[in-house]
Amino acid sequence: MRCKSKRVAAMMMMLVMGMSQNTAASVIQQPEVVYYNQADYPGEYYGSSSIQQAGCAPCAMAVCISTFTGEKISVPKLCDWAVENGYYYDGMGSSHYIIPAIAKEYGLNCKGIGTSREKMLEALYSGKLVVVLMGPGTFASSGHFMVLTGIDQNGRISVADVGSRANTAKTFSVDKIMEELKDYSQADGPMWVISPKEEQELSGASQIAIETLTQRYSE
876 MRCKSKRVAA MMMMLVMGMS QNTAASVIQQ PEVVYYNQAD YPGEYYGSSS
926 IQQAGCAPCA MAVCISTFTG EKISVPKLCD WAVENGYYYD GMGSSHYIIP
976 AIAKEYGLNC KGIGTSREKM LEALYSGKLV VVLMGPGTFA SSGHFMVLTG
1026 IDQNGRISVA DVGSRANTAK TFSVDKIMEE LKDYSQADGP MWVISPKEEQ
1076 ELSGASQIAI ETLTQRYSE
């Protein structure tokens, strides 16, 4: 995993101990995210829909797979796999179960955390990715999968919005993400923590730092 536990721990402790934001920012190590966008596949089909219209879930999982494995993913082939294995509903888009299914297929850990703000923050501070299903609002007019990729020293969240490069260039408050989560979801969603199969154990100091920071932005 590219986000080394010792450097994560150093960032945590600097923030917790109240050091300057510039000093803390210099050691923040989030995963080096590989980005995919639905619009990059014009004319490519996803079942009876197009990838541009309905391929947000496969694109979001492609982000996670490439980020943690370094493997370049063919999004059209991933969409074909989803259709063949029953994770695409004609005229409706992706089943929510597509997230854990693709994670398993590519050897990644996936844990549904429902709407737990605390578990989402803990995951981001630990260098993991969080796939989220968003409802109407900033990111979607109905339902939309994207990836939370990190959190900065001010508690603002970076995203890989596979439907918007403009959103991907921004950061968002924790409240904004939580407020716009999809009201209804299956498969223990609407948030899923994604991480490599073999995770590095965090030290006791790192765990304490994560708990402290999580508490700060959970309130």
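Just so we're aligned, residue 876 is where the sequence shown starts under the numbering used here, counting upward by one.
C-beta: ideal position from N, C-alpha, C; glycine also.
Bounds of any alpha helix (DSSP H) do not take in Asn984; it lies within the beta strand (DSSP E) bounded by Leu983 to Gly987. Just measuring C-alpha positions, the residue of Glu946, Ala976 and Lys947 sitting nearest Val958 is Ala976. Between Gln913 and Val1049, the gap from beta carbon to beta carbon reaches 7 Å or more. In its chain, beyond the 5 residues on either side, Gly982, Leu983 and Asn984 have a beta carbon closer than 8 Å to the beta carbon of Lys1072. With the rule of 3 Cβ pairs closer than 8 Å, the segment 925 to 935 counts as touching the segment 1031 to 1046. Secondary structure at Thr942: helix, using DSSP grouped into helix, strand and coil.
Per DSSP, Ile1069 is one residue of the beta strand (DSSP E) stretching across Met1066 to Pro1071. If you draw a straight line from the Cα of Tyr911 to the Cα of Arg1091, it is about 32 Å long.
Looking at the backbone, the Cα of Gln1028 and that of Ser923 are separated by about 43 Å.
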